[in-house]
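Peer 1:
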Amino acid sequence: MELRRHLPRFWLIATLGGVAALCGYAYWWEQQLPGRLREAASREDLEACLRYGEQLAALRWLDREAPSEQAVCRRRQAELAWKGGDSSQALTLQSQLVNSNVGSEEQRRKDQSRLLVWRQTLRERALDQFRAGDLRLALITLQPLEQKGQRPGTQLSDSLRETWNRNQVDHERLREKVQRQQWWEALSVLNQLDHPWWQDHALPLRRQVEEAIQNLRDRQEHHSHGALPAHTVDPERLNTAVEERLSSGMDPWSAFVAGCADLGGVLVEEGPESLCKAKRR
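Here it is in C-alpha cells:
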C-alpha cells in the first residue's frame, strides 16, 4: 500500500522533470541559434541559414523581430530559386521576406517590388503559353500564384480553361457545319473563335468556307445576268440587304436570313447551297 501511494508522486515528478528539461533544452538551443545563423550566413550556407532561421522563428513565442541574417539568406535563396526556374520556392521565400518586415524601408520596398515583378512575369508567361496552345503548361505556370480555397471561377486558370473549352466546342461545331455544307452558319461559328491557336487551327476550314461562299456569290451573279430562276430572289438586292445587316454588326448567317426575309423570301436548302427563294403567291 505504501508503494502505491508513492507511485503517482513519482510519475508526477518524472513528468515535470521531463518538461523542465525539454524547456531548458529549447531555451538553450534558442540562445545558440542566432550565432549559428550568423555563421551560416557568413559562409553563405543558405540552406543551413534558412533552417536555423525557421527554427529560431518557431522558438520565439513573443513575435520578436527576425534576425537580419535570416532576411539576407531568404533574399539570396529566392534569387537563386528564381534564376534556377523554381518559381514556387522563389515566390514562397520572397513572400516570407516581405511579410517579415525586416530591414530598412527602402529594402522592404525593393523586396515588395521584386515580388510583384515576379508574379506579373509568371502571369505573362502563362498567357503566352496559353496563346501558343499549351493550356497544360500555362496552368502549371500559374500554380505558384493561385491560393487554395478561392471561390471557383475567380482564378486566372479558371478563365483560361473556360476560354479553351469554349473554343474547342466551337471548333467541333464548325466541323459539323462544314460537313453538312451549311456555309453561312459555318462562317458565323468561325467568327466566334477568339483564341489565336484555335483560329490558326481552323484556317483550313475557313478557306473551305470562304471559297464555298464565294462560289455561291459567283453563281448568284451569273444568275443575275439572265439565268436566274423565276422563283429565286434577285441576288443583287439580296447581296445589298445582307451587306447592310453585316455593317450593323449582325453575324453572317443571321444577316443572310434577315436579308432574305426583308425581300419577302424564304430560306431553302438545296443540296450544298442555301438559297433565298421568293414565296409562291
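Residue numbers (the working numbering): 77 to 357. For every residue, glycine included, the Cβ atom is placed at its ideal position computed from N, Cα and C.
Whole angstroms is fine: what's the gap from Val336's alpha carbon to Leu211's?
Peer 2: The sequence as given places Cys at residue 336; Val does not occur at that position. Their backbone Cα atoms lie some 42 Å apart in a straight line.
Peer 1: Is Lys186 buried or exposed, if buried means 16 or more other CB atoms sit within 10 Å of its CB?
Peer 2: So Lys186 counts as exposed.
Peer 1: Which residues bound the alpha helix (DSSP H) around Leu221?
Peer 2: First-last for Leu221: undefined, no H or E at that position.
Peer 1: Could you check where the alpha helix (DSSP H) with Phe338 kicks off and where it finishes?
Peer 2: As written in the sequence, residue 338 is Asp, which differs from the Phe given in the question. Looking at the DSSP string, the run of the alpha helix (DSSP H) that includes Asp338 is 328-338.
Peer 1: The alpha helix (DSSP H) spanning Asn177 covers which residue range?
Peer 2: No alpha helix (DSSP H) holds Asn177; DSSP gives it neither H nor E.
Peer 1: For Thr239 and Val309, what's the separation of their Cα atoms in angstroms?
Peer 2: Each residue's alpha carbon lies about 40 Å from the other.
Peer 1: Based on the DSSP output, what are the partners of Leu343 in its beta bridges?
Peer 2: DSSP, once it has assigned bridges, lists Cys352 as partnering Leu343.
Peer 1: Assuming Leu370 and Ser235 make a contact with CB atoms under 8 Å, what is their CB distance in whole Å?
Peer 2: The question about residue 370 has no answer, for the chain in this structure spans 77 to 357.
Peer 1: Going along the chain, which residues of its own chain have a beta-carbon closer than 6 Å to the beta-carbon of Val344, five neighbours each way excluded?
Peer 2: Excluding sequence neighbours, Val344 sits near Leu351, Lys353.
Peer 1: Compute the beta-carbon to beta-carbon distance between Leu339 and Ala331, rounded to the nearest angstrom, for a pair I have assumed lies under 8 Å.
Peer 2: Incorrect: roughly 13 Å between the Cβ atoms, too far for contact.
Peer 1: Give me the Cα-Cα distance between Leu266 and Arg282, rounded to the nearest whole angstrom.
Peer 2: Each residue's alpha carbon lies about 7 Å from the other.
Peer 1: With a cut-off of 8 Å on the beta carbons, I'd call Gln205 and Thr217 a contact; round off their distance for me.
Peer 2: Rounded, the Cβ-Cβ distance is 6 Å, consistent with contact.
Peer 1: Just the C-alpha distance for Arg150 and Asp276, rounded to the nearest angstrom, thanks.
Peer 2: Computed Cα separation, rounded: 44 Å.
Peer 1: Could you check what DSSP says for Thr230 in three-state terms: helix, strand or coil?
Peer 2: In the structure shown, Thr230 sits in coil (DSSP, three-state: anything other than H, G, I, E or B).
Peer 1: What's the call for Asp246, buried or exposed, on a 16-neighbour Cβ count within 10 Å?
Peer 2: That one is buried.
Peer 1: Can you round the beta-carbon distance between Asn243 and Leu269 to whole angstroms, since I take them to be within the 8 Å contact cut?
Peer 2: Going by Cβ atoms, the distance from Asn243 to Leu269 rounds to 6 Å, so yes, they are a contact pair.
Peer 1: Skipping 5 residues on each side, what residues in its chain have a beta carbon closer than 6 Å to that of Arg201?
Peer 2: Hits under 6 Å: Thr217.
Peer 1: Starting from Val265, trace the alpha helix (DSSP H) in both directions and tell me its first and last residue.
Peer 2: Segment 259-266, the alpha helix (DSSP H) holding Val265.
Peer 1: Reducing DSSP to helix, strand and coil, say where Asp310 ends up.
Peer 2: In the structure shown, Asp310 sits in coil (DSSP, three-state: anything other than H, G, I, E or B).
Peer 1: Just reading off the alpha helix (DSSP H) that His277 is part of, what are its end residues?
Peer 2: Counting along the chain, the alpha helix (DSSP H) containing His277 begins and ends at 272-277.
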